[in-house]
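S.K.: This is the structure I have questions about; it appears just below.
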Amino acid sequence: MFFSSLQYEPYQITVAAQDFTKEKKIYLFPLINELEEVNISNLNLIGLLDKDVETIETQPYLNAASFGLPVVKNRSTLAERRIYTATTGGGIIPVDPIINYFSGRLAMVYRQLDYEKEKGLMEKAYYIFPIDFYTEELQIPEPLIEDFLYYCIGFKPFKELIVKEKPTLALIGFLKETAISYQKFKEIDDESP
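In structure tokens:
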């Protein structure tokens, strides 16, 4: 008979007829599987991420320049490219800027650039806070959140506060004050959906 288990050493005995007449106890010995020391890393990490990051060697960041490809430093927006096209022209005397100025196209393109910047600020403000902040804290109905943010863009402090990456107390205070004037402007009750 053969006894085996993961936690015990294997043990084998031969069973004879006389073994069935009397009681026989079998003792199994625990299997001790001692492992060698394993080093998971050759770094001495202390658990503070900002300090540990400095000790770890990382691979260099790969970009187009590292492969010898041309790099676009500042990608122009559509409105910026339209302004460039409307204000430049070929030839000795560029005629396009003159025509665009008198036709009003140049002013229209500059308004598009302003709109593009305002939309970028609005989108940044929309995603900087959760929707619950606008609906519960500021009491702005969810369908009017974007309208509220466009309303905020009209105020100079908003543009300065939203440029920062993280929400600040000054921005929260500004939004709370502006929400009150927006509700009066829109005549929103606390009972409206």
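Per this note's numbering, residue 62 is the first one in the sequence shown, and the count goes up by one each step. Virtual Cβ for every residue (Gly too), placed ideally from N, Cα, C. These numbers come from a predicted model, not from an experiment.
1) Taking just the CA atoms, how far does Lys220 sit from Glu197?
2) Report, in whole angstroms, the separation of the C-beta atoms of Tyr187 and Leu210, which I expect to be a contact under 8 Å.
3) What residue does the alpha helix (DSSP H) around Tyr187 start on, and which one ends it?
4) Applying the 10 Å Cβ sphere with the 16-neighbour rule, what's the burial state of Arg172?
5) Quick check on the DSSP output: the alpha helix (DSSP H) that includes Asp113 runs from which residue to which?
6) Compare the beta carbon distance of Leu89 and Phe63 with 8 Å and say whether it is the shorter of the two.
7) Please report the distance separating the alpha-carbon of Met183 from that of Ala240.
M.R.: Considering the structure as presented:
1) 23 Å
2) 6 Å
3) 166-189
4) exposed
5) 110-116
6) no
7) 15 Å
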